[in-house]
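Structure record follows, encoded as structure tokens.
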Amino acid sequence: MNFIQAWRNGPGPESIRDYFVLMLKGVCMGVADIIPGVSGGTMAFITGIYDNLIDSIRSFNGKFIKSLLKFDIIGAVAEAHLKFLLPLLFGIVVAMVSMARVIHTLLESHPVQVWSLFFGLIAASILVVGKRVGEVSVKNILSGVFGAVFSFFLVGLIPVTTPDTLWFVFICASISICAMILPGISGAFILLLLGKYEFITGAIRNPATLENGAILLAFVCGCAFGISLFSRVLHFLLEE
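With this note's numbering as the guide, the letters of the sequence shown map in order to residues 13 to 252.
So, in structure tokens, the structure goes:
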């Protein structure tokens, strides 16, 4: 098996149109992820790629790491769902880099319209998630009430002042990325509570400097660490 075959055999888009659509879904997730209160996981749910996203993240498993350590690039590509993840990540990154300043400007000049748009998207996601619940039971109702109370408590928290060190950026990234892939919980809002939202978005808006590059590298490493652990827990909970 060569590199091209390993790539084609993986799950993901088959045509140029499919690649483009997947990138657009990534753009939707990226825009949502930079807005406090809106979840990229919610966008993944609405666009119908949530299960594929979790499975693709889980594909970076022990076999993938062993292949990399052996410099077996073809084996690593065959194991990971790169065919799905790379177009999606491309859309997310493009949206976060290009739209960070635009979204901030729109929130300042047209806050009601922007928040109304995302409120509508979140409200629509309730129907999407509701279809996954199935039968109405006491356990499901209690879970919903717990989620609502937890969200209400979370929104009421006050942002704290935290250090700007790289190790703390790593920790914040590990925590916020878990929220970003959960429908209904905003990773950007978690960053806001941890006092790192403006710090990170500032680095995204101007990534060319050495200092901001180090910040973004620590953030990416933290995201990779957090999501690799949490995706397995989330997959188990969704299955059970």
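Heads up, the beta-carbon is just placed ideally off N, CA and C, and yes, glycines get one too.
{"Check": "Roughly how many whole angstroms lie between the Cα atoms of V109 and S128?", "Outcome": "23 Å"}
{"Check": "With 9 Å as the threshold, decide whether the Cβ of A135 is near any Cβ in chain C.", "Outcome": "Of the protein chains in this structure there is only one, and it is not chain C."}
{"Check": "Going by Cα to Cα distance, which pick from Y31, S121, W179 is closest to K260?", "Outcome": "Coverage of the chain is limited to positions 13 through 252, which leaves residue 260 absent and any answer about it impossible."}
{"Check": "Considering Cα atoms alone, identify which of I47, I46, D84, F96 is closest to F32.", "Outcome": "F96"}
{"Check": "Check for me: the alpha helix (DSSP H) holding V39 runs from which residue to which?", "Outcome": "28–45"}
{"Check": "Determine the DSSP secondary structure at S51, reduced to helix, strand or coil.", "Outcome": "coil"}
{"Check": "Considering only C-alpha positions, which residue in the set F76, R113, T174, K78 is nearest to G42?", "Outcome": "R113"}
{"Check": "Where does E91 sit, in a helix, a strand or coil, going by DSSP?", "Outcome": "helix"}
{"Check": "Less than 8 Å between the CB atoms is what I'm expecting for G225 and A185, so what's the real figure, rounded?", "Outcome": "Between A185 and G225 the Cβ distance is about 15 Å, and since that is not below 8 Å, they are no contact."}
{"Check": "With distances taken from CA atoms, which of A92, G103, C235, G234 is nearest N21?", "Outcome": "A92"}
{"Check": "Candidates T173, P195, P99: which alpha carbon is nearest L36's?", "Outcome": "P99"}
{"Check": "According to DSSP, simplified to helix, strand and coil, what is F96?", "Outcome": "helix"}
{"Check": "Would you mind stating whether P23 and L34 have Cβ atoms separated by less than 9 Å?", "Outcome": "no"}
{"Check": "Which of the three DSSP states, helix, strand or coil, is assigned to E223?", "Outcome": "helix"}
{"Check": "Drop a sphere of 10 angstroms on the beta-carbon of G219, count the other beta-carbons inside from all chains shown, and report buried for 16 or more, exposed for fewer.", "Outcome": "For clarity, residue 219 is Pro in the given sequence; the question names Gly instead. When all chains shown are included, P219 counts as exposed."}
{"Check": "Roughly how many angstroms separate the alpha carbons of F131 and V124, rounded to a whole number?", "Outcome": "10 Å"}
{"Check": "If we call anything under 9 Å between Cβ atoms a contact, is I193 one with F242?", "Outcome": "yes"}
{"Check": "Out of V50, F76, T177, G234, state which residue places its alpha-carbon closest to the alpha-carbon of I189.", "Outcome": "G234"}
{"Check": "On a Cα-Cα basis, can you pick out the residue from A236, I86, N73 that is closest to I16?", "Outcome": "I86"}
{"Check": "Take R244 and list the residues in its own chain whose beta-carbon comes closer than 8 Å to its own, dropping the five residues that flank it on each side.", "Outcome": "R70"}
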